[in-house]
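J.: Numbering (my numbering) for the sequence shown: 4 to 224. By construction, the Cβ of each residue, glycine as well, lies at the ideal position given by its N, Cα and C atoms.
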Amino acid sequence: MQHTSRPVVSNQPGPHQDVARRVARAIENPLRKPIATHTLQAFEYAHTWLQTQQAPLILDAGCGVGLSTRRLAEQFPSHAVIGVDRSEDRLSRDHGELPANALLVRADLVDFWRLAEQANWAPERHFLLYPNPYPKAAHLKMRWHGHPVFPTLLALGGHLEVRSNWLLYVEEFALATALVTGKQATIASLVPNGSYLTPFEAKYDQSGQTLWRLQIELERA
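1. Could you tell me which uninterrupted beta strand (DSSP E) segments, each at least 3 residues in length, are contained entirely in the region 69-124, listed from first to last along the chain?
2. Below 6 Å CB to CB, which residues in the same chain sit around L34 once its five sequence neighbours on both sides are set aside?
3. Please report the distance separating the alpha-carbon of K144 from that of V165.
4. Q54 lies in the beta strand (DSSP E); which residues open and close that run?
5. Go ahead and pull the three-state DSSP assignment for P28.
6. Kindly identify the DSSP beta-bridge partner or partners of L60.
7. Can you tell me which residues form a DSSP beta bridge with R2?
8. Would you mind reading off the limits of the alpha helix (DSSP H) that contains L143?
9. Suppose contacts are defined by Cβ-Cβ distances below 9 Å. Is W116 in contact with V11 by that definition?
10. Below 8 Å on the Cβ atoms is my guess for I61 versus R128; work out the distance and round it to an integer in Å.
11. What does DSSP give as the partner residue(s) for T189 in the beta ladder?
12. For N14, I'd like the list of residues in its chain whose CB is within less than 7 Å of its CB, leaving aside the five on either flank, ordered along the chain.
13. Please list, in chain order, all residues of the same chain as M4 whose beta carbon is under 6 Å from its beta carbon, the five residues on each side excluded.
14. How is G161 classed by DSSP in three states: helix, strand or coil?
15. Taking 8 Å as the limit between beta carbons, can you name the residues of its chain near Q56, skipping five residues before and five after?
16. Roughly how many whole angstroms lie between the Cα atoms of P102 and F46?
17. Whose C-beta lies closer than 6 Å to the C-beta of L163 among residues of the same chain, with five residues either side of it excluded?
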């Protein structure tokens, strides 16, 4: 099925001028808000499951309906793949049985990442696939690289991969990552050739949009 999706439109002509300030603030003032009870319970369940797997971890952050989690589990059968999303509606959609090496968890990512760091999780791979771009300049703080949890996200380490149909998003993400870690991420266009990880990836590609992929190897903090 062909899709029609409009490209991201923003009032920003380039990377946001406040990226550095937001990152510095996140480093200097670590997030301390209380962990939501439902996310704590979800994390404890995921942690127990992960221990039974005895396999390297792949974290699919913001997994939506969970198709990406299923496909990653199929691509990496010797890994344990955990998909996390805050929407019960998205996670409850029927896309068939999960592979034995996959788990879907309903949780707030902000809290889940902090719990993962506290539990010394060290994902071998960490995916952020087509996060909400929040394209208005006023919404920088809602993008992951403008959020106070950003240093925690990076502290988990591993091979981090971010995909987006908005080049500016991955450029800002790379800038913010360099400010935190001193390491440079690579950014390149992505051609899926029909092998899509998410429904958004299929929709954007079939609409003729260029897809972008950021990759970086991070050390566990």
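T.: Let's see:
1. 83-88 and 105-109
2. P151 and V152
3. 18 Å
4. Note, Q54: premise wrong, no beta strand (DSSP E); alpha helix (DSSP H) at T40 to Q56.
5. Per the sequence shown, the amino acid found at residue 28 is Arg instead of Pro. DSSP places R28 in helix when its eight states are reduced to three.
6. A83
7. The shown model of the chain, from 4 to 224, leaves out residue 2, and the question about it has no answer.
8. Where L143 is concerned, there is no enclosing alpha helix (DSSP H), given that its DSSP letter is neither H nor E.
9. no
10. 5 Å
11. Q218
12. K139 and A140
13. Low confidence applies here, because M4 scores a pLDDT of 47, under 50, leaving its location unreliable; read the following figure in that light. Closer than 6 Å at Cβ, skipping near neighbours: no residue.
14. strand
15. Excluding sequence positions up to five before and after Q56, its CB lies within less than 8 Å of the CB of A83 and N104, all in the same chain and listed in chain order.
16. C-alpha separation (whole angstroms): 20 Å.
17. Around L163: H129, I219 and L221.
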